[in-house]
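In UniProt numbering, the protein residues as written are 1 to 563. First up is the structure itself, then whatever we jot down about it.
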Amino acid sequence: MNAPLTDMERLKRESRHLRGSIAEDLADPLSGAISDDANLLLKFHGSYQQDDRDVREDRRQRKLEPDYQFMIRARLPGGVLTPAQWLAFDAIAREHANGTLRITTRQTFQLHGVIKTELKPTMAAIHAALMDTLAACGDVNRNVVASANPVESAAHAEAHAWAVRLSEHLMPATRAYHEIWLDGEKVDSTQETEPLYGETYLPRKFKIGLAVPPDNDIDVFAQDLGLIAIVEDGALTGFNVAVGGGMGATHGHADTYPQLADVIGFVTPDQLLDAAWHTVAIQRDFGDRTNRKHARFKYTLDDRGLDWFKAELESRLGFALQPARPYAFTHNGDRYGWTEGADGRWHLTLQIESGRVADRGEARLMTGLRAIAEVHDGDLRMTCNQNVIVAGVAPERRAAIDALVAEHGLDGYRRGSAIRRHAVACVALPTCAMAMAESERYLPELLPKIEALLDRHGLLDEPILLRLSGCPNGCSRPYLGEIALVGRALGRYDLRLGADFAGQRLNAVHRENVDESVILDALDALFARFADERMDREHFGDFLVRSGVVEPPPRRIPLAQIA
1 MNAPLTDMER
11 LKRESRHLRG
21 SIAEDLADPL
31 SGAISDDANL
41 LLKFHGSYQQ
51 DDRDVREDRR
61 QRKLEPDYQF
71 MIRARLPGGV
81 LTPAQWLAFD
91 AIAREHANGT
101 LRITTRQTFQ
111 LHGVIKTELK
121 PTMAAIHAAL
131 MDTLAACGDV
141 NRNVVASANP
151 VESAAHAEAH
161 AWAVRLSEHL
171 MPATRAYHEI
181 WLDGEKVDST
191 QETEPLYGET
201 YLPRKFKIGL
211 AVPPDNDIDV
221 FAQDLGLIAI
231 VEDGALTGFN
241 VAVGGGMGAT
251 HGHADTYPQL
261 ADVIGFVTPD
271 QLLDAAWHTV
281 AIQRDFGDRT
291 NRKHARFKYT
301 LDDRGLDWFK
311 AELESRLGFA
321 LQPARPYAFT
331 HNGDRYGWTE
341 GADGRWHLTL
351 QIESGRVADR
361 GEARLMTGLR
371 AIAEVHDGDL
381 RMTCNQNVIV
391 AGVAPERRAA
401 IDALVAEHGL
411 DGYRRGSAIR
421 RHAVACVALP
431 TCAMAMAESE
441 RYLPELLPKI
451 EALLDRHGLL
461 DEPILLRLSG
471 CPNGCSRPYL
481 GEIALVGRAL
491 GRYDLRLGAD
501 FAGQRLNAVH
511 RENVDESVIL
521 DALDALFARF
531 ADERMDREHF
541 GDFLVRSGVV
551 EPPPRRIPLA
561 QIA
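What follows is the structure, given as structure tokens:
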């Protein structure tokens, strides 16, 4: 007997292609919130309802409803904006949100602190800047990410162009977005069709990313569908196809786990759109719609096997995948400072701690990036590590950009430690409903303490991937950190260790549900050993595995093997 569908599946089916009661709830003046059902559908439009958890209890005691507000996430494939679009988001954040911008680990902006009456004006302002938020969240293919600097070479530019094409190709067809947010002409939803997604869309979210070796700056194996650009004699010949990555897990549920994608073959550029379409369609048809904790693509593959998936994909495509081609990743994270592109222009990568673009003390990031955007004639690019690239700078303009960087304290990457330059943190408290512990707000407190330990052992210049997450859902890709903290409760984390520096090996739990003192003591002892025992050019994560401190999990874990 088949298990019943989840409430979410029924809601999607009855939503009239993502309309639900969103429009009616927005017009209700009696609350700053929308209904639970409307909030679930709102995700497909690129927004989540949240509340300020710092004041939740105080407001409850005063018999006030929670301080409801909304997060809005843009759809920006590859993370590229014109200076005009950057300035538009800057203005939107100051007029409609909390006055800051946040760069996510999927190369896009999030706005925080938008109240209900400002939702529609904010969406309209984003549209006026020739951008949108449709499918930035929800059970669909989300923002497609790509190696961060598409003007580094002709192959990088092609890979970025394919990211844009994939994003457009896999967009929902519903007109609900235009009706609700842009006062578009209403259509009869019963006459609409969703050629890819059908009436109930996907069982869960789906993520696609394109990487250009030797840099794995997007963590390509963390994607549901990872595409590895194969460049031969300077030309992009196609992509190795990797399937089944995903970072999410749930504490206490052994049948949920992070997993890396497996490479199953190679497609040429002209085959890419069809391969992606049918991969998504297979997950649509075979993904679990009875248990959302088991609904991601990785579990579909574990249940049925990679051989089954490859045969199903090739049957739908009408051709066989070619054998995977050789590639090598040697680096993760971003390369800061100036680099020269293939066209003779220059690109400056700036560090944005936790992706938060704000004016705080001497680091006036919001004002400084606004000043750069006002004079820049190239574009601006966000990275999957929450940083910004000022791209396409003419050689004669470099000095002017450098002056603005220094004036506004945007040159922190020149002074920070190596671990600081490779740190990533999710938002967590006070706005994320899933957060169990601090992350973004904790990183500035934690980093100096870890830096002091590294300095004691002569390791301050040692590049180490550090990831912080307020919960096990993995938005900051913590399971790919050489050092990672995954939140359990306020002030308590799982300490995970042993991923590699190229994003090709998961870490493992070293200490479970511990506080800061235990974490720092454990790291101090391990840094001491690393300083004394490491091999030449050996990374910290590799040392931990070689020395037996941690044993990394297998790359793919069939559910039948889980006790």
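By construction, the Cβ of each residue, glycine as well, lies at the ideal position given by its N, Cα and C atoms. Quick caveat: nothing in here was measured; it's all calculated off a predicted structure.
Non-local beta-carbon contacts of Gly378 in its own chain, meaning distances under 6 angstroms to residues more than five positions away in sequence, involve Ala391, Gly392, Val393 in chain order. A Cβ-Cβ contact shorter than 7 angstroms links Cys137 with Lys43. For Glu407, the three-state secondary structure derived from DSSP is helix.
Contact between the stretch 231 to 240 and the stretch 144 to 159 is present: three or more C-beta pairs spanning the two stretches fall below 8 angstroms. In its chain, beyond the 5 residues on either side, Leu111, Thr122, Ala125, Ile126 have a beta carbon closer than 7 angstroms to the beta carbon of Ile92.
Judged by their CB atoms, Leu497 and Pro258 are not nearer to each other than the 7 angstroms cut-off. The three-state reading of DSSP puts Met366 in helix, counting H, G and I together. At least 7 angstroms separates the beta-carbon of His422 from that of Leu365.
A residue is called buried when at least 16 other Cβ atoms come within 10 angstroms of its Cβ; Ser439 meets this threshold and is buried. By the neighbour-count criterion, in which a residue is buried when 16 or more other Cβ atoms sit within 10 angstroms of its Cβ, His253 is exposed. Exclusion of the five residues before and after Tyr336 leaves Thr349, Gln351, Tyr413, Arg421 as the residues of its chain whose Cβ lies within less than 7 angstroms of its Cβ. Taking each of Ile282, Val280, Thr300, Glu314 in turn and checking the Cα distance to Asp288, the smallest one comes out for Thr300. Annotated three-state conformation of Leu350 is strand, per DSSP.
Per the coordinates, the alpha-carbon of Leu5 lies some 13 angstroms from the alpha-carbon of Tyr201. Look at Phe286 here: in three-state DSSP terms it is helix. For Arg102, the uninterrupted beta strand (DSSP E) segment begins and ends at 101 to 103.
Gln322 is bridged by DSSP to Phe266.
By the Cβ test, the stretch 314 to 323 is in contact with the stretch 265 to 280, since at least three Cβ pairs between them sit closer than 8 angstroms. With distances taken between CA atoms, Leu490 lies nearest to Ala435 out of Thr279, Ala435, Pro463, Met535. Per DSSP, the unbroken alpha helix (DSSP H) holding Leu41 starts and ends at 36 to 42. Three or more Cβ pairs closer than 8 angstroms define a contact, and the stretch 77 to 84 falls short of that threshold against the stretch 451 to 463.
If you look at Val114, you'll find it in the beta strand (DSSP E) that goes 109 to 114. Residue environment for Gly541: buried (at least 16 other C-beta atoms within 10 angstroms of its C-beta). Within the stretch 381 to 466, the runs of alpha helix (DSSP H) at least 4 residues long that lie entirely inside it are, in chain order, 398 to 407, 418 to 421, 443 to 456.
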